[in-house]
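Here is the structure we will look at, set down as structure tokens.
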Amino acid sequence: MAPPVTFRPRGGAILAAIAIAICAIGLAYVAVTEGVVSLVTWAWPIVAVAWGAWLLYIRPSVRVTDGFVEVRNIVRTYRVPWGDVEDIDSRYALTIQTVDGRRIRAWAAPAPGARQAMTTRREEVTRTPGEGDTRRPSDARGTSSGDAAEVVRRAFETYQREGGTVLPGGTVTTWDIPVIVVTILLVAGAILTLVLPHG
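Numbering (the numbering used here), first residue to last: 8 to 206.
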């Protein structure tokens, strides 16, 4: 049994870490210069920015195991057993198509922008899984969609070749309620902080 592989784009995580660090410095600055009362007041928008950076760039992931591929987006998680996978595409983002026609796009693996796509050379995608006519710049190694698609396609090919564990119940979609609640509270607190007068 192969160990699970989790994919997160490195560039987004670096940007999020920088944003979170700046927010932490901001909180410390407010605490030192303005005191605890101001910290409690202004913590809402600052923490909301840090939370947003984590939510958009660190939380999303694609996890590949012997039995399934799990796509974690901002507030929803999809667990797709290999037996439910019909096709794997990367045109706009890593997309898992299920046998019942659902298309699940991975926030963690977007396709490259137009500039990167136009500068991608054909040889950069020749060694990626898939047939030559169907491969495109979004399949290239070094792109978020291409790197994730390669991992998912190789695992799916292994499943098709050797068989594997099929989890009962088919594809499962989970709304991440705690994340939704925290997001709503932080956004509401940030808006109130910015709108209400402070004396």
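All residues carry an ideal CB built from backbone N, CA and C; glycine is no exception.
Cα-Cα separation between Phe163 and Trp51, rounded to whole angstroms: Here residue 163 refers to the residue found at position 156 of the sequence shown. Here residue 51 refers to the residue found at position 44 of the sequence shown. Looking at the two C-alpha atoms, the distance is approximately 44 Å.
Buried or exposed by the 16-neighbour rule on C-beta atoms within 10 Å, applied to Pro117: Position 110 of the sequence shown holds residue 117. Buried, since its Cβ has 16 or more Cβ neighbours within 10 Å.
Helix, strand or coil at Asp91 [DSSP, three-state]: The sequence position of residue 91 within the sequence shown is 84, counting from 1. The answer is helix: DSSP assigns Asp91 an H, G or I state.
With 16 other Cβ atoms within 10 Å as the buried cut-off, status of Glu93: The residue given as residue 93 occupies position 86 in the sequence shown. Exposed, since its Cβ has fewer than 16 Cβ neighbours within 10 Å.
Under the three-state DSSP convention, the category Tyr85 falls into: Along the sequence shown, one-based indexing puts residue 85 at 78. In the structure shown, Tyr85 sits in a strand (DSSP, three-state: E or B).
Proximity winner among Ser97, Gly108 and Thr105, relative to Trp114 (alpha-carbon distances): For the purposes of this step, residue 114 is taken as residue 107 along the sequence shown, with counting starting at 1. Of the candidates Ser97, Gly108 and Thr105, the one whose C-alpha sits nearest the C-alpha of Trp114 is Ser97.
Secondary structure of Ser97, DSSP reduced to three states: Counting from one through the sequence shown, the residue named residue 97 turns up at place 90. Ser97: coil per DSSP, three-state reduction.
8 Å Cβ shell around Thr200 - same chain, five flanking residues per side excluded: Within the sequence shown, the letter at position 193 stands for residue 200. Thr48, Trp49, Trp51 and Pro52, listed in sequence order.
Stretch pair the region 177 to 190 + the region 31 to 45: three plus CB contacts closer than 8 Å: The region 177 to 190 vs the region 31 to 45: no contact.
CB contact flag (Ala55, Ala23, <7 Å): What you label residue 55 is simply residue 48 of the sequence shown in a count that begins at 1. What you label residue 23 is simply residue 16 of the sequence shown in a count that begins at 1. One thing to note: Ala55 has its Cβ no nearer than 7 Å to the Cβ of Ala23.
Cα-Cα separation between Val179 and Ala35, rounded to whole angstroms: Here residue 179 is taken as the residue at index 172 of the sequence shown, counted from 1. Here residue 35 is taken as the residue at index 28 of the sequence shown, counted from 1. So the alpha carbons of these two residues sit roughly 42 Å apart.
Terminal residues of the beta strand (DSSP E) in which Val69 lies: Taking the first residue of the sequence shown as position 1, residue 69 is located at position 62. Val69 -> beta strand (DSSP E) spans Ser68 to Val71.
Sub-7 Å separation of Trp182 and Arg83 beta-carbons: In the sequence shown, residue 182 corresponds to position 175, counting from 1. In the sequence shown, residue 83 corresponds to position 76, counting from 1. Taking the C-beta atoms as reference points, Arg83 is found nearer than 7 Å to Trp182.
Between the CA atoms of Pro67 and Val76 - distance to the nearest angstrom: The residue given as residue 76 occupies position 69 in the sequence shown. The residue given as residue 67 occupies position 60 in the sequence shown. Computed Cα separation, rounded: 13 Å.
Own chain residues within Cβ distance below 6 Å of Cys30, not counting five before or after: Numbered from its first residue, the sequence shown carries residue 30 at position 23. Take Cys30, set aside five residues on each side of it, and the residues of its chain with a beta-carbon closer than 6 Å to its own are Ile53, Val56 and Ala57, in chain order.
Assigned exposure category for Val241 - 16 Cβ within 10 Å defines buried: As displayed, the chain neither begins before 8 nor continues past 206, which places residue 241 out of reach and without an answer.
Ile95 burial status per 10 Å Cβ neighbour count (16 or more: buried): Residue numbering aside, residue 95 sits at position 88 when the sequence shown is read from its first letter. By the C-beta density criterion, Ile95 is buried, having at least 16 other C-beta atoms within 10 angstroms.
Same chain, Cβ closer than 8 Å to Ala20, five either side skipped, listed in chain order: By 1-based counting over the sequence shown, the position of residue 20 is 13. Answer for Ala20: Tyr64 and Ile65, listed in chain order.
CB-CB length for Phe14 against Ala155, believed under 8 Å: Against the sequence shown, residue 14 aligns to sequence position 7. Against the sequence shown, residue 155 aligns to sequence position 148. Contact between Phe14 and Ala155 holds: their C-beta atoms lie close to 5 Å from each other, under 8 Å.
Proximity to Thr72 [Cα-Cα], best of Gly196, Pro10 and Ser152: Along the sequence shown, one-based indexing puts residue 72 at 65. It is Pro10.
Same chain, Cβ closer than 7 Å to Ile103, five either side skipped, listed in chain order: As a working note, residue 103 is residue 96 in the sequence shown. Taken in chain order, the residues that qualify are Val76, Val78, Val87, Val92, Ile95 and Ile111.
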